[in-house]
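Chains as they are written, first to last, in the numbering used here: chain A, 1435 to 1693; chain B, 844 to 1212.
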Amino acid sequence: MIQVLKIADKTFSSRLFIGTGKFGSTASMEEALLASESELVTVALKRIDTAIRQEDALLNHLQHAHVNLLPNTSGARTAQEALFAAELAREALETNWLKLEIHPDPKYLMPDPIETLTAAEELVKRGFIVLPYCHADPVLCKRLEEVGVAAVMPLGAPIGTNQGLSTLSMLEIIIDQAKVPVVVDAGIGAPSHAAQAMEIGADAVLVNTAIATSAHPKQMAIAFKQAIIAGRLAFEVGLPSRNVNAEASSPLTSFLTFS
Amino acid sequence: MFTEVFQQYSWTVEKQSIYDKNLRDVEIALAKTKRTYEDFKALISPAAVPFLEDMARLSFLETQKRFGKTIQLYAPLYLSNECQNICTYCGFSLDNKIPRKTLTAIELLQEIAALKQMGFQHVLLVTGEAQQTVGMDYFRKVLPLVKRHFAHISMEVQPLDQDDYKELLQLGVNTILVYQETYHAQEYKQHHPKGKKSNFRYRLETPDRIGLAGLYKIGLGVLLGLDDWRTDSAFTALHLQYLEKQYWKTRFSISFPRLRPHAGGLVPKSIISDRELAQLIMAWRLFNNEVDLSMSTRENNHFRNNIIKLGITSISAGSKTNPGGYAVATKSLEQFEIDDKRPVHEFVEIIRQAGYDPVWKDWDSVLLA
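See below:
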């Protein structure tokens, strides 16, 4: 019904990506994930017991043929730390896909633009498919694109705040300029926020808190799924333009017809 | 250093202002989304008691929004009960005639194996203050053993110098806990008459040294009951506020040890009831929705079963507070009496039944590279 999304070498029918933290149980996480029909889930390396990978409770609930893993480097404060985490993630989870997250500030979890750019460049050289979490900074997104990231993941609002697209005007510029897919990450607290992201032309959204902390994660996952399809479809067929001014009763250019 | 901030406040004035807070102050505090130090004082004041249910609802929501439906698990591992300090309230105090014990490498490995068997990935290493036997040399010897088996190492050790903290970080330590015990300088002197710990200022500036050394997390707290718990908590809030601005890359946690019966037998000066402790925990959450709030097994089963929904993010279970307590089974005395004696798997079931996911691992030593 909606166009497939292509990031690097993979295609996705769903434009909803899911975060796996904050759920009340791994079973409720799995239930929501399946209901969402998401095909890409991010999982924090720090939560995985890489020593006993086969027995890890979280990983075991993510084993579905249509679900791709996107390990993330949450916890890293510097490019150096992120590189170590990335290498371990690639080895342990057998994927070269990586959500690069570097937030040295544990209070607001703001991504460090300088460390992120440095790490992204090095990770691309090492053969990773890099999806960096970053500020809704149009120039930064272009710089990340130039070093070869597969998509950019600008934040809609501070992570975990459910505030929606408080960076809207910046996101519009990023989407306008991007040559790689734009995934709006963080701050999406309601299906309407996700629909809005789709309507302005974002390629996908990543949702975690709003689904995980809902009283009914499964139903909330379905709500997001539907909102994203609705928003994307509207974007694809083209939204009617909004006229802010009523048309003047006597057109200003009417005099031209007499010439 | 925090001393400069601390000197601008007077214990008496702060205490009075807490007890002067009225219903209106509490209502204003509750209506806000970003709360100040003054709001915190209102929320811990006696005036907030009629609002406990409102505070609980807000605290429940704020905690879930930030931390999700998860509770982190950790276990204390006592390395030693040797101590050169006299602390009037502590079982390990120098003047208590108890058998002293410091774990050897082999004993430590036995303790580690027992904790790993229970499922723990986050260990809190605890010592007394005995610089000769349990100082940096000892830590250099034992930390590599611990690092091999745990994803996350926290330490509650005697205050050290900045360079020592740097070295601990390099040895794999993520978090350092250091409790001020009380911010009342004179009262502090009375309870710590002998040993290095009697230096109030050195202790007060310890979190600064940990922050300067670049540790990932700093744990703060006071021994609730040594002096007025409300005033001590207000000073802890000031301390946290200062540290968060100063060391913006560091995470913080608050613990809530209450003065408990032990071999020394000190009677608390101010008793904090269960209701008040719950009020304090919720007030912390409403004051700062990012700070970790941690709970030990000093508290009873009923309280612990219920408080996990109201702001707590990290909790110990199945704890032993004597060196060798898990496997070596020496006769050494415990530091404080444990109230919740349930084995960890039983408590994990309680967490699950409450709709929360018990999290064993939320760190990886690869990040400390």
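Here a beta-carbon is modelled for each residue, glycine too, at the ideal position from N, C-alpha and C. As the structure is a computational prediction, the values presented were derived from the model and not from experiment.
Here A1478/A has N1506, S1508 as same chain residues with Cβ atoms under 6 Å from its own Cβ, once five neighbours each way along the sequence are excluded. Within 8 Å of the CB of E1087/B, the CB atoms of chain A belong to K1541, in sequence order along the chain.
Between G1590/A and A1620/A, the C-beta gap is smaller than 8 Å, which places the two residues in contact. Residues of chain A with a Cβ closer than 8 Å to the Cβ of W1206/B are, in chain order, K1480, G1509. If you ignore the 5 residues before and after A1056/B, its C-beta comes within less than 7 Å of the C-beta of Q1005, Y1008, K1009, L1012, all in its own chain and listed in chain order. Checking the DSSP bridge columns, you'll see D868/B has no partner listed. Separation of K940/B and I1645/A (C-alpha to C-alpha, rounded to the nearest whole angstrom) is 56 Å. By the Cβ test, the stretch 1114-1131 of chain B is not in contact with the stretch 1021-1036 of chain B, since fewer than three Cβ pairs between them sit closer than 8 Å. Within the stretch 1119-1153 of chain B, the runs of beta strand (DSSP E) that reach at least 3 residues and sit entirely inside it are, in chain order, 1135-1138. Scanning chain A for C-beta atoms nearer than 9 Å to the C-beta of R1195/B yields G1458, S1459, reported in chain order. Residue-level contact by beta carbon holds for L1522/A and chain B, with a gap shorter than 8 Å. Beta-bridge analysis with DSSP links K1444/A to I1441/A. Under the three-state reduction of DSSP, Q1196/B is assigned to helix. One alpha carbon belongs to R1185/B, the other to I1158/B, and they sit about 13 Å apart.
Here DSSP, grouped into helix, strand and coil, assigns K1060/B to strand. Using a Cβ-Cβ cut-off of 8 Å, K1092/B is close to R1511, P1538, D1539, P1540 of chain A, given in chain order. A distance below 7 Å between beta-carbons, with the five flanking residues on each side excluded, links K864/B to the following residues of its chain, in chain order: K884, A885, S888, A890. Where M1544/A is concerned, there is no enclosing beta strand (DSSP E), because DSSP gives it neither an H nor an E.
Chain A places a beta carbon closer than 8 Å to that of T913/B, counting this residue as a contact. Along the stretch 884-911 of chain B, going in chain order, the ones with a CB nearer than 8 Å to a CB of chain A are Q907, K908, R909, F910, G911. Any Cβ of chain A closer than 8 Å to the Cβ of Y981/B would place that residue at the interface, and such an atom is absent. Look at A1080/B here: in three-state DSSP terms it is helix.
Between K1204/B and Q964/B, the CB-CB gap stays under 8 Å. Closer than 8 Å to the CB of G1594/A there is at least one CB belonging to chain B. Look at T1445/A: its C-beta is not under 8 Å from any C-beta on chain B. For G1198/B, the chain A residues whose Cβ falls inside 8 Å of its Cβ are G1458, S1459, in order along the chain. Check the Cα spacing between I1607/A and each of G1635/A, P1592/A, A1628/A, S1459/A: the tightest is with G1635/A.
The DSSP-derived three-state label of E1528/A is coil. Under DSSP, H995/B shares a beta bridge with H965/B. Close partners of D1619/A in chain B (Cβ separation under 8 Å) are lacking, with about 16 Å as the shortest Cβ gap.
Runs of the alpha helix (DSSP H) lying entirely within the stretch 1451-1494 of chain A, each at least 4 residues long, are 1460-1470, 1491-1494 in chain order. Contact of E1024/B with chain A by beta-carbon distance below 7 Å is absent, the smallest such distance being about 26 Å.
Residue-level contact by beta carbon holds for G1455/A and chain B, with a gap shorter than 8 Å.
With a beta-carbon spacing of about 6 Å, N924/B and K944/B fall inside the 8 Å limit used to define contacts. In this model, D1200/B and V1065/B are separated by some 29 Å (Cα to Cα). Closest in C-alpha terms to G1167/B, from the list L958/B, L916/B, V1000/B, D882/B, comes L958/B.
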